[in-house]
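Asks:
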Amino acid sequence: MSAAPVAATITLGILAGGRASRLGGRDKAWLEHGGVAQVMRIQRAFAPQAACALVSANRALERYAAHGLATVQDRVADAGPLSALDALAAATTTPWLATVPVDLLQADPRVVPMLALLGGANGAYAIDDDGIQPLVALWPVEALRIGAAAALARGEYAVRALQQGLGMQGVRIDGVRFGNLNTPDDLIDAGIADA
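Remember, our numbering sits 33 above the position in the sequence shown when you count from 1.
Following this line, the structure appears as structure tokens:
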């Protein structure tokens with residue numbers, strides 16, 4: 034049995050490249066929660082569990098750079114989160130990639146260590162109190178590169194199907210609800226504002 038991944042072998046990948054169509058195109062990365070932009074809040078919460086961080090983003094790249102955040106853009110258009118995973122995997126230099134969406138409300142820093150400890154050699158995705166969270170995951174980078182490229186070539190964009198094909202397993206994280214910011218009501222409930 035191989036040892037669990039440690040921070041030095043993990044890149045944090047923040048998924049911030051979506052169109053936010055249900056929010057009228059507002060950029061979720063720069064919505065403020067508690068006075069801090071979502072992307073900065075997520076990066077700060079998870080940075081200690083990784084050697085470095087990358088943000089999958091397709092707009093406002095200069096804004097990320099001004100905050101010291103390295104970005105990667107989708108290499109395949111209109112393929113949803115799978116495009117982000119493909120781009121992040123291509124840019125990652127560590128053996129593992131931990132992904133989290135930029136719109137998480139509860140950025141629980143226990144998540145990456147738990148996925149690393151309990152996930153196994155094929156990687157893992159989180160299961161919170163609301164169910165499966167496929168984008169909160171720890172991916173073996175080489176397998177992700179191959180799997181994402183093959184799925185994109187086939188036009189199969191479902192992240193869960195990719196995870197099943199890679200043999201990733203779910204890790205239950207009790208007492209956690211990540212939550213997300215998908216609708217105007219979500220923003221109001223969370224007290225979120227534009228930055």
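Even glycine gets a Cβ: it sits at the ideal position worked out from N, Cα and C.
Determine the contact status of ASN91 and ASP111, defining contact as a CB-CB distance below 8 Å.
Replies: no
Asks: Jot down the residue ranges of each uninterrupted alpha helix (DSSP H) in the segment 59-143, minimum 4 residues, whole runs only, in chain order.
Replies: The segment 59-143 is shown to contain whole alpha helix (DSSP H) runs of 4 or more residues at 71-79, 94-99, 114-124, in chain order.
Asks: From this set, VAL88, ALA184, ALA186, which residue's C-alpha is nearest THR125's C-alpha?
Replies: Comparing Cα positions, the closest option is VAL88.
Asks: Taking the alpha carbon of GLY200 as the point to measure from, which residue in GLY153, LEU148, GLY188, ASP60 has its own alpha carbon closest?
Replies: GLY153
Asks: Roughly how many whole angstroms lie between the Cα atoms of LEU151 and GLY50?
Replies: 28 Å
Asks: Helix, strand or coil: which one does DSSP assign to ILE47?
Replies: strand
Asks: With distances taken from CA atoms, which of ALA86, ALA37, LEU115 is nearest LEU102?
Replies: Of the candidates ALA86, ALA37, LEU115, the one whose C-alpha sits nearest the C-alpha of LEU102 is ALA86.
Asks: Are the Cβ atoms of ALA80 and LEU45 separated by less than 8 Å?
Replies: yes
Asks: Of the choices VAL39, ASP207, TRP129, PRO134, whose alpha-carbon is the least far from that of GLY113?
Replies: The residue with the shortest Cα to Cα distance from GLY113 is PRO134.
Asks: Look up ARG210 in the DSSP assignment and say whether it is helix, strand or coil.
Replies: coil
Asks: DSSP three-state call for GLY153: helix, strand or coil?
Replies: coil
Asks: Between GLU189, ARG143, ARG187, GLN202, which has its C-alpha nearest TYR158's C-alpha?
Replies: GLN202
Asks: Give the DSSP-derived three-state secondary structure of ALA159 in the structure shown.
Replies: strand
Asks: Any beta carbon from chain B within less than 8 Å of ALA103's own beta carbon?
Replies: Chain labels in this structure do not include chain B; a single protein chain is all it has.
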